[in-house]
Every structure is written in C-alpha cells, then in structure tokens.
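Taken in order, the sequence shown gives residues 1 to 349; the numbers are from our numbering. Written below as structure tokens is the structure these notes are about.
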Amino acid sequence: MDFEQNNNRTESTEPQPTEPMLPPLRKPPVEAPKKRTGWRIFWGIVIALSVLANIVLFLALIGVVAVFAAGQKGIFTEEVIHAGPRATKIAVITVQGIIDTEQANNVYEQLKTARQDERVKGLIVRVNSPGGAVSASDQIYNEILKYRNEEGKPVVAFMQGIAASGGYYVSVGSDKIVAEPTVITGSVGVIAGHFVLQELLEEKLGIQPVIFKSGRKKDWPSPFQPVTEEQRQYIQDKLITPAYERFVQIVDEGRPSLTLADVKRLADGSIYSAQEALDEKLIDEIGYLDEAIEQVKLLAGIDEAQVVEYRKPFSLADFLHSSSQSFLKIDRSALYELGTPQVLYLWSI
1 MDFEQNNNRT ESTEPQPTEP MLPPLRKPPV EAPKKRTGWR IFWGIVIALS
51 VLANIVLFLA LIGVVAVFAA GQKGIFTEEV IHAGPRATKI AVITVQGIID
101 TEQANNVYEQ LKTARQDERV KGLIVRVNSP GGAVSASDQI YNEILKYRNE
151 EGKPVVAFMQ GIAASGGYYV SVGSDKIVAE PTVITGSVGV IAGHFVLQEL
201 LEEKLGIQPV IFKSGRKKDW PSPFQPVTEE QRQYIQDKLI TPAYERFVQI
251 VDEGRPSLTL ADVKRLADGS IYSAQEALDE KLIDEIGYLD EAIEQVKLLA
301 GIDEAQVVEY RKPFSLADFL HSSSQSFLKI DRSALYELGT PQVLYLWSI
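What follows is the structure in structure tokens.
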C-alpha cells in the first residue's frame, strides 16, 4: 500500500503537459474609403467654367445694352474741362496720333455728336498728330469745313506737340489756328515708301516670284524687281504730284493771308517751330487751350460757355477686339501694304 502511494506521489510530481498558448487574435485594420479626388477636381472645373461662362454672358449682355444705348444717344461721353453755363457749350474734338481711316471715322462721329447738340456754339479741334494717310487727312479736313459751312459755327484748331503734314492739313480747315509754344508744325508735302524684296527672296530664301499681268505698267513699282527711273517718274507723276498740289491748294484756300507763291515757298517739306509758323503766317496765335477757347468765344459772339471734350468710353467690344490682336500679326492687308507704295502726308524722323 505504501509502495502504491509512493508511486502515486511520484506520478503526481511529474510536470503535466500544457496546451500551447495561441497569440491573441487581431482584427485586420479597416481600410478607409478611397477619396475620389479625380472626380472632385473634374466637377470643380466644370462648376468654375460654368460660373465663368455666366459672367461672360452677363458682361456681353451689358455690352449689347450699352451699344444699343450708345446708338440712341451717341457713342461719346462729355467731360467738362472748363466750367460755364450749360446752355452754351464749346465742344473739343480730338485728332490724336497717326491719321488713318479709323481716325477719320472717329472725327466724323464727334462732329455728328456736336451737330446734334444745339447748345454747342463752336468747336475746338485739338490736333496732336504727325499726319498719316492722304485720303484720311482730306476726309477730316472736308468734314471740318462742311461743319463750318453747314452749321455756321466757328472752328478753331488747337495744336499740341506735333501738328505736322497731315496734322497741319486738317488744321487748315478751321477759322483760326492756335499753337502751343513748343509745337512742331509745317512739313507741307508728300512722302511714299516702297520695299524691293527681290534680293531677299531670290538670294536669301531661294524664292523666285512669277508675275502674270495684262499690261506693262500693271505692277509698277514691283517689290520683286528694282525700280527703274521710268517707274520712279511714273509714281511721281501719278501719286506724289497730285497729292502735293492738293495740299498746296487747301493751304492756299485756308490761309488767306498767304499768297500762292508764299505757300509754294513754304511747301518744301520743312518743319517749323511755333514762332516760325507765326512769322510765316501758317498759324494765327501762340497760346494754350485758354487762348483757343477765347478765340471761339470771340468768333461766336458769346461771353461764357461750358467747354466739354468728347470721349469714347472703353467698351466690352473694345476689350474683345484688343484681346484678339496678337503681338505680331501678319495678314493679307499687312503684306499688301508691305508691297504697295503708301502715299502719306506724314512727318517722321
């Protein structure tokens, strides 16, 4: 019995096998839902473009309304530059920069605005221009002269900075000419330029122009061949001389204090300072805008007047037009002007 008990004790003291410990179960991390960044960007762009399109349409609508209103009331606004009674006005119209068809149309619209206002008793034509195209200069001169004759109201030219060649041409249509002390004027004459591209095309670029024409003089002068003396005289007789004679004629008619011989003597292309122009009777007075205003008052027989200047407001159409112009634009008209002599009443250094 004791032996069995000892055996039992021995068995009880032996280490009992244990089950292996399992590591604790860990749940796999839950993945966050993927952000749909691409779609968000896409819809953001769509919404932004939609807002932008609506803004453009709104501005376009405003522009259409403004254009319609301008058509009803005139395309120019008035800026008061000299206080006075509103019942009596002197209007200032501007000829600024190179004279071209756009400039001539602009002057026409300003004169039209003045015609429609019965309170306007006289005009000042503010000229700051070296001249430009022959036809455009003549159109402006004619419109000023027509205003004087049809409306029976005085017009005084006021020269600032440069009023040479075509700038002087348009000024002669006025009753009187007032010039600032530092003005450059004169340059009564005609100029035309012509490019000969033959060497550039044939020797540098390897291009051989081929011209088809119906008559010997059809392409005179051609940019693809040297100008001959006969061609030079042809252009002189057909373009330069008639334009020059027209210039001399309108100065002779517009400056009664000068004889035809005086005009021809002065019409050699020379420029004149204000004092020289006054001495030669090309202008009537040296002064500033105040002196021009006094001249209009004197001619119109009025004591006081509100002086207004016509200004064309910058419109949406102007913005769209300017934004569409490239920095360097070469189109068909530019190529045409490059190869065709441009006859100009223009002074340049």
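Ideal Cβ positions, reconstructed from N, Cα and C, are used throughout, including at glycine.
### Task
Taking the CB atoms as reference points, tell me whether residue 144 and residue 174 lie closer together than 8 Å.
Position 144 of the sequence shown, counted from the start, is the residue given in the question as residue 144. Position 174 of the sequence shown, counted from the start, is the residue given in the question as residue 174. Yes, the Cβ-Cβ distance between residue 144 and residue 174 is below 8 Å.
### Task
State the beta-bridge partners of residue 79 as determined by DSSP.
Residue 79 sits at position 79 when you count from the first residue of the sequence shown. According to DSSP, which records beta bridges pairwise, residue 79 is partnered with 309.
### Query
Under 8 Å, do residue 161 and residue 131 count as touching if we go by C-beta distance?
The sequence position of residue 161 within the sequence shown is 161, counting from 1. The sequence position of residue 131 within the sequence shown is 131, counting from 1. Result no, Cβ atoms of residue 161 and residue 131 do not sit closer than 8 Å.
### Segment limits, beta strand (DSSP E) that includes residue 121
Locating residue 121 in the sequence shown gives position 121, where the first residue counts as 1. From DSSP, the beta strand (DSSP E) with residue 121 extends over 120-129.
### Query
Per the contact definition of three or more C-beta pairs closer than 8 Å, is the segment 268-280 in contact with the segment 44-59?
no
### Query
Are there 16 or more other CB atoms within 10 angstroms of the CB of residue 122, so buried, or fewer, so exposed?
Position 122 of the sequence shown, counting from 1, holds the residue named residue 122. With 16 or more other Cβ atoms within 10 Å, it is buried.
#### Entry: Alpha carbon of residue 345 to alpha carbon of residue 137, nearest angstrom
For the purposes of this step, residue 345 is taken as the residue at position 345 of the sequence shown. For the purposes of this step, residue 137 is taken as the residue at position 137 of the sequence shown. Each residue's CA atom was taken as its position, placing residue 345 and residue 137 some 8 Å apart.
### Task
Pair every Cβ in the segment 221-232 with every Cβ in the segment 241-257, then say whether three or more of these pairs are closer than 8 Å.
no
### Query
Quick one: what does DSSP say residue 211 is sitting in, helix, strand or coil?
The residue you call residue 211 lines up with position 211 of the sequence shown. Coil.
### Query
Roughly how many angstroms lie between the CA atoms of residue 157 and residue 291, to the nearest whole one?
In the sequence shown, counting from the first residue as 1, residue 157 sits at position 157. In the sequence shown, counting from the first residue as 1, residue 291 sits at position 291. In a straight line, the C-alpha of residue 157 is about 11 Å away from that of residue 291.
### Query
So what's residue 160 in DSSP terms, helix, strand or just coil?
One-based indexing of the sequence shown puts residue 160 at position 160. Strand at residue 160.
### Message
Check for me: the beta strand (DSSP E) holding residue 137 runs from which residue to which?
### Response
The residue you call residue 137 lines up with position 137 of the sequence shown. Here residue 137 belongs to no beta strand (DSSP E); instead the alpha helix (DSSP H) covers 134-151.
### Query
Which full runs of the alpha helix (DSSP H) of 4+ residues lie inside the segment 214-265, going along the chain?
229-235 and 241-254
### Query
Is it the case that the Cβ atoms of residue 141 and residue 92 are separated by a distance below 8 Å?
Reading the sequence shown from its first residue, position 141 is the one you call residue 141. Reading the sequence shown from its first residue, position 92 is the one you call residue 92. Not a contact, by the Cβ cut-off of 8 Å.
### Message
Classify residue 87: buried if its beta carbon has 16 or more other beta carbons within 10 angstroms, exposed otherwise.
### Response
Along the sequence shown, read from residue 1 onward, the residue named residue 87 stands at position 87. Exposed: under 16 other Cβ atoms inside 10 Å.
### Message
Closer than 8 Å is the cut-off here; do at least three beta carbon pairs connect the segment 204-215 with the segment 297-311?
### Response
no
### Task
Round the Cβ separation of residue 263 and residue 134 to the nearest angstrom and send it over; I've been treating them as touching at under 8 Å.
For the purposes of this step, residue 263 is taken as the residue at position 263 of the sequence shown. For the purposes of this step, residue 134 is taken as the residue at position 134 of the sequence shown. Going by Cβ atoms, the distance from residue 263 to residue 134 rounds to 18 Å, so no, they are not a contact pair.
### Query
If you compare alpha carbons, which of 231, 207 and 208 is closest to residue 218?
If you number the sequence shown from 1, residue 218 lands on position 218. Cα-wise, what sits closest to residue 218 is 231.
### Query
CB-CB under 7 Å to residue 208, same chain, minus the five flanking residues each way: which ones, in chain order?
The residue you call residue 208 lines up with position 208 of the sequence shown. Cβ within range, chain order: 202.
### Message
Looking at residue 80: is its Cβ nearer than 8 Å to the Cβ of residue 306?
### Response
The residue given as residue 80 occupies position 80 in the sequence shown. The residue given as residue 306 occupies position 306 in the sequence shown. The Cβ-Cβ distance between residue 80 and residue 306 falls below 8 Å.
### Message
Going by beta-carbon coordinates alone, are residue 240 and residue 190 separated by less than 8 Å?
### Response
Mapped onto the sequence shown, residue 240 falls at position 240. Mapped onto the sequence shown, residue 190 falls at position 190. Yes, Cβ-Cβ distance for residue 240 and residue 190 is below 8 Å.
### Query
Would you report the Cα separation of residue 176 and residue 198, rounded to the nearest angstrom?
Counting from one through the sequence shown, the residue named residue 176 turns up at place 176. Counting from one through the sequence shown, the residue named residue 198 turns up at place 198. Straight through space, the alpha carbons of residue 198 and residue 176 are spaced by roughly 49 Å.
### Message
Rounding to the nearest angstrom, what Cα-Cα distance links residue 226 and residue 153 in this structure?
### Response
The residue you call residue 226 lines up with position 226 of the sequence shown. The residue you call residue 153 lines up with position 153 of the sequence shown. Cα-Cα distance, rounded: 52 Å.
### Task
Could you check what DSSP says for residue 289 in three-state terms: helix, strand or coil?
Stepping through the sequence shown from its first residue, residue 289 is reached at position 289. Residue 289: helix per DSSP, three-state reduction.
### Task
Note down, in chain order, each residue of its chain lying with its Cβ closer than 8 Å to the Cβ of residue 348, except the 5 sequence neighbours on either side.
For the purposes of this step, residue 348 is taken as the residue at position 348 of the sequence shown. The residues are 130.
### Query
Within 10 angstroms of its Cβ, does residue 238 collect 16 or more other Cβ (buried), or is it exposed?
Taking the first residue of the sequence shown as 1, we reach residue 238 at position 238. With fewer than 16 Cβ atoms within 10 Å of its Cβ, residue 238 is classed as exposed.
### Message
Going by DSSP, what residue range makes up the alpha helix (DSSP H) through residue 278?
### Response
On the sequence shown, position 278 is the one that residue 278 refers to. Its alpha helix (DSSP H) spans residues 274-279.
### Query
Between residue 139 and residue 192, is the Cβ-Cβ spacing less than 8 Å?
Taking the first residue of the sequence shown as position 1, residue 139 is located at position 139. Taking the first residue of the sequence shown as position 1, residue 192 is located at position 192. It is not a contact, given that the beta carbons lie outside the stated cut-off.
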